[in-house]
Each structure stands twice: as structure tokens, then as C-alpha cells.
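Residue numbers (our numbering), protein chains in the order written: chain A, 22 to 332; chain B, 119 to 555. I have placed the structure first, in the form of C-alpha cells, so that the comments after it can refer back to it.
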């Protein structure tokens, strides 16, 4: 039996608050294992997991793959360049093909929203959303929450600023509603073109003045600018964007709380949303997030597959 | 041709001032007698007359859908003239107007004739063909509108694509005005659409996809109304979806110095953006998109107060491989011909928002007025194009129930009450007891 109510993790709303905390708790154990010289557990031995990455990804795919190996699952990487989808096969045919191969779980990353749901309609396997278009990225949220909880000891009552291209960010799409229902205050800090259409739908407040809101923030989560047409249409220039919304040393030193933390889901554009000397600021926990990613993904896969038939 | 006596139906036709039980006699494709109950019987030669008992049903002038995609030539795997007109009859329509976005595009006289000739051969209901405004619908060069006009094109439209260049639209209107042709505008400013696949509202945030603002439509509506005022052309705004557009059209009509009409689809009247959820049903993906509840309300108000002249379905059949895709990749459009009458009966008439007489105006008289077609009324001498609806008949919309090739209905699974049971075209039954003849 899966330890979670929902068979799939398509959106962060598939996990209740209690389940989120349970994932974080389990992840703590896995994180300790990741610090041992021998990092392998037999937990998912005999289970088959497909990493269906229809859009290029290095960190998420690597993180999932490592998590699977450490749990002794058999995993298969199916990436866009090697996939049949580039030869014109439809997503549904790809799904049915893997379904016929009897896999237990599929981690899916695609540039289109709703892809994970489509897979659930054509496969028996558990589906985990590894990022769908600009919609959601729930496992990123789990690792972000883990890092916040680990560093600040709580989530409830914190003020979290998400700064950057929010409307094009699947990270914000999952993180903001999760933070909100766990009792945090969420502020979207961005120029109008980067704000979502209805920020309240994600549980967030809107701010345009980073300097004004920065002193209130316990967590500063920076997002990169997406899209090729950013410069000249969404914002005048990257230079002007960086001057208003980039976290540089001066801002961090003068306006940020001493005990606040800096997060970034990566990949980073150094000198744009974050300057190089902020990456090395002791308050930045960007690599801790990467580290937590493996542990939280081990936890979620374990909880979805761990106790199922065959145990 | 034998005579047909339609007995006992509730006849509704505001033009003929009818709203009560009456018998209607059809002879040689025309209505030869209309006899309200209690005013005697239609004189008839009983030997050669077939009697059809329509007690409990509503008999109305034949409905016209002035916005359909029959997909022939070129996309016959989605729909063709035979299957599309069969779907039209099944839905209760006696005539349809087909859009020009076929392959090749209907942008010259010979192409218009191809469709109308083919429709005479295989069509179940009457088919009017629209010609393209620009060559290949590319929005660059005027198509031979006069040639198409002489070949029978009923109106001109680049439907499927908005004409982005205002000067080109102005020239098209000026040119069409010379022979009093109708311009049907697909109002869409592509720079404001900017890749949006749903309404730019709560649903865009909820689904995590790009939205398109209502102003992408309304600014184009405003531009085309002003250009129509400038040129004097007859302008018809296709598939109005936004409140702002309704307001603009209402204001223009009140001003009285511009000839503008408008249509709305049943799906925009019945659904709003909340019909979409995280199951990403691609049958709910249409262009213009389902908008907010306020927009939906404004469309119904516009339909009721006469700002909107016609209900037109924008019947857009697609093959499964074009819809069973990632939401952002799936084609836009829902089928509409077969669900329009059941939707209007269920959601507007039986809820008391709209009476049958107003429905007749928006589905029979309105579209004919807009397209300058000969009026069809339930009166002696009129062409016997007739739609009969059983307001009590329930139908569940399933793939099997739909007779058209396109099964991409936004209403699959809906159970609706009230649907067409008889359709007569030129006095001939093409739908009888709900089945295509």
C-alpha cells in the first residue's frame, strides 16, 4: 500500500499538509543515509521507474536518477533526444508503450502543462510530475520546503518572497500554494509582465518594489527570467531588471534580515537575478536545496511505491 | 411530390405572429396552408397527403447555422460536406454557411462553385459558402471577392485568422461595399493573444498555461466597427466571446450609423472558464476561449436584448489525433451543430431566460437577415424549411449519438432536454423522429 492518499503526484494539491510533513520527515532519514559512505538501500528493489524527460533537464533528472539508484530501483532514462516523440509519436502512444512494458512509476518532465494527467489516463503506473510546462513542479516544492524547515525550523508564520519571472515558473506554481496552506505568507515580487494573471489564486500577495519588501522576508526565493523575448518586451533590459529585482550584495547586506535565507531552484543566471557574491553569502542554501532534492525524491518514491505488493 | 400535413404542433414564428397550436400543410416544397387550432382545417386532397402528428412538439422556421467548418475540400478526415450537413440535419438545422479555411482555401470563384455544386449533390441541408477575404487567409493580399460573389459566395471571411493589417481590412471593406457584400470578421489581435490558449483570467493561473486577454478580441471588434463606419460595409462579428465586445456592438448599434451584426456560440453562452480544470480536457479548448462568468452573463444579455443577432455554432470538427494531445498542442475548437438546439432548449428556454420566439429569431430569422437571405416564415407561400423540436425529449451526448465525423464535443456526457426530431428542407423530411432520413 502506498502511504499516500493519491496514487499520483501531479500537482502539489495531491498531497495533504500532513503528507507533506511526512515526506519531509522521511526525507530527513534519507538525507542521513546520503551522508554515509555506502548510500544504497534495498527499499525499491525490483521496481521499475521510467524517467520520461521530454524536455531537457539536468538537475531534476539527475536528482531522480540518483534517488532511484540509492533505493535500488531499476530505472530507465527516456529523454527527448532519444525519444520516439521527436519522430512524431504521440504522448499517448509513448504512454501506452511503457504501460505495456509494465513499469511501476513514471517521472515525467515536459514543456506542456497537464502532461502528467494525460499519462494517468493511459497507464497503470504511478505518475510523478517532474515539471510540466509553466504549470507545476511539486517535487521542487518538497525540497524547497525541506530546506526552509531545516534552516528555519518551521514554515508556518514565515514570510516568503518569490522574486523573478513568476508567471513562467512552474516552481512558483507549486511552491506558493503549498506555502500558503502551511501557514506562510507569500509575496510575489516582480514587474507586471512577470506576475501571474491572478496571483491570489496561488495564495500570494503582489509587490513591485523589491527594496520595500525585502526587509520583511524570511525566505528570498529567486527565479530566473524565462523566455526568449524577455528583453525589450517583458522588461526593457536585463540590466534594468537586475538593478530593480536582482539580489546583489548591496541589497543583501543592507536590506535583508540577518537570519533570512536565500534559495534558488536553478539554473541560475549569475548577475541577473542573483549576483555571484550573493551565491557565496552564508545565508544562501542553494546547494543544500540540491542535496535535499535527492532525499526528498527518495522519500516521495518510497512513500508511493515502498510498501506495495511484493513486500 | 406528395403533400405533407404537419398536425398539432405548437407553431412559433414571431414574423408570422404565430405562437400556438396549428396545422401546417406542405405542397411542392412550399407551405400552402397554416391553420391555427379552432380555425378549421387545411384544405387538402386526403389521398395524396401524408399526415405527421407533431403533438407536443414545437414547429419553427428552419434554423440556419451561419458559422460552420465543413472541412471539405482538404480536411475530409475531420468532416466533409455529406457528414457535416447530416450533422446539421441531426441538430435541427435546414441550412449552414461554411467557412473558407479549407485546403485549398476558398479564395476564388471556382472553389466556391466546387463546394456549392458538391453540396447540391451530397448535402442533406442547404449549404452557403463564404469566400476568403485574403488569398490563402494569409492576410496579405485581397482575394478575388467579386469573382467569388458572382459564383455565389454568401459573405467573406478570413475566419480562423484575424486580419492584422487595418489598412488591408479597410480596403477589403471598401471593395466589398461596392457589391454590398457582407464581411464576417474573426476579431483577434495576434500580438495580444501572444500564444494564449485559454482566457487570460483565473483559469490561466489555475492551469498554468498562457492566457489571452479579452482585449485581443475587443480591440479588433472596435477597429472593425470603426472601419465599417468609415466604409459603410455590412459587418458581422463572428463568435463574440467578451463582455467588452458586446458593449462595443451595443453602442455601435445604438449610434445607428454603422451596419453591424453579431453572433455568439452556444458554448460561450452555456460554459465559462470554470469548465476547465486540471484534467485539461482539450474539447474545452476553443478560440475564442471560454471566458469568465461575467463575460458569459454579458453574452446572454446581449443575446436577449438583440445586440447579438444570431446563435452560430462555429462547428469545428477535429480528428482524435488532433485533440488527444497535450493541451497546449491540441487544435482549437468544439463541434456544435448537433448540440446547439439541445443546449439552448435546456439552458436558456427551459430555464425561462429565453422564449421560443426569441430563439426562432436568433436561430432562423436573425442569420437570414444578416446574410440577406430570403426570409422563411411559417406562412402560405414560404419555402418549407422547417425545424421541429421535441422539448421533452432527453438526449445524452455521446460519440455514438453524434452523426458527424468530429466527436470533439465540449458536451460529451451531458444529458440535455429538448432536441430536434423533424427537419424539412424544401418540404422534404431530412430528419424524422430524431433520425436522419
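Every residue gets a Cβ at the ideal spot worked out from N, C-alpha and C, and that includes glycine.
The distance from the Cβ of residue 361/B to that of residue 400/B is about 26 Å, inconsistent with a contact at the 8 Å cut-off.
Using beta-carbon distances, residue 138/A counts as an interface residue toward chain B, with a partner under 7 Å. Listed along chain B are 444, each with a C-beta nearer than 8 Å to that of residue 131/A. Within the stretch 137-208 of chain A, complete beta strand (DSSP E) segments of at least 3 residues are found at 147-153, 180-184, given in chain order. Nearest Cα to residue 193/B within the set 182/B, 211/B, 219/B: 219/B.
Nearest to residue 77/A by C-alpha distance, out of 61/A, 70/A, 98/A, is 98/A. The beta strand (DSSP E) runs lying completely inside the stretch 146-204 of chain B and spanning 3 residues or more are 148-154, 167-171, 176-179, 181-186, given in chain order. Out of 451/B, 541/B, 417/B, 487/B, the CA that lies nearest to the CA of residue 459/B is found in 541/B. Looking only at 80/A, 31/A, 272/A, the smallest Cα-Cα distance to residue 308/A is reached by 80/A. Contact with chain A is found for residue 326/B, since one of that chain's Cβ atoms lies less than 7 Å from the residue's Cβ. Judged by beta-carbon spacing, residue 206/B lies beyond the 7 Å limit of residue 182/B, meaning their Cβ atoms are not closer than that value. In chain A, no part has a C-beta under 9 Å from the C-beta of residue 335/B; the shortest such distance is about 16 Å.
In the DSSP annotation of this structure, residue 263/B is not part of any beta strand (DSSP E); the continuous alpha helix (DSSP H) holding it starts and ends at 263-268.
Contact of residue 222/A with chain B is assigned, a C-beta pair being separated by under 7 Å.
Cβ-Cβ separation between residue 129/A and residue 203/A: approximately 25 Å, too far for a contact (criterion under 8 Å). With a threshold of 7 Å between beta carbons, residue 198/A makes no contact with chain B. For the stretch 177-210 of chain B, no residue has a beta-carbon sitting nearer than 9 Å to a beta-carbon of chain A.
With its beta carbon less than 7 Å from one in chain B, residue 134/A belongs to the interface.
Around the C-beta of residue 230/A, fewer than 16 other C-beta atoms lie within 10 Å, and the residue is accordingly described as exposed.
Counting of Cβ neighbours within 10 angstroms places residue 330/B among the buried residues, the total reaching 16 or more. Taking 7 Å as the threshold, the shortest C-beta distance from residue 531/B to chain A does not fall below it.
Contact annotation for residue 155/A against chain B: 326, 327, 328 [CB-CB distance below 8 Å, chain order]. In this structure, the straight-line span from the alpha carbon of residue 363/B to that of residue 170/B is close to 44 Å. It is roughly 19 Å from the alpha-carbon of residue 200/A to the alpha-carbon of residue 236/A.
Around the beta carbon of residue 348/B, a 10 Å sphere encloses fewer than 16 other beta carbons of the protein chains shown; the residue is thus reported as exposed.
When secondary structure is reduced to three states using DSSP, residue 308/B falls in the helix class. Residue pairing of residue 72/A in beta bridges, as defined by DSSP: 98/A, 128/A. Around the Cβ of residue 254/A, a 10 Å sphere holds fewer than 16 other Cβ atoms; the residue is exposed. The alpha carbon of residue 69/A has as its nearest neighbour, out of 290/A, 304/A, 90/A, 82/A, the alpha carbon of 90/A.
C-alpha of residue 168/A to C-alpha of residue 310/A: approximately 6 Å in a straight line. The CB of residue 218/A comes closer than 8 Å to the CB of 318, 319, 320, 322, 323, 329 in chain B, given here in chain order. For residue 246/B, the enclosing beta strand (DSSP E) covers residues 244-249. Taking residue 412/B as the centre and dropping the five residues before and after it, the same chain places the C-beta of 361 closer than 8 Å to its C-beta, in chain order. Restricting attention to beta strand (DSSP E) runs no shorter than 3 residues, the stretch 363-447 of chain B encloses them at 378-382, ordered along the chain. The C-alpha of residue 248/B is placed about 12 Å away from the C-alpha of residue 265/B.
Residue 397/B belongs to the set of residues whose beta carbon lies under 7 Å from a beta carbon in chain A.
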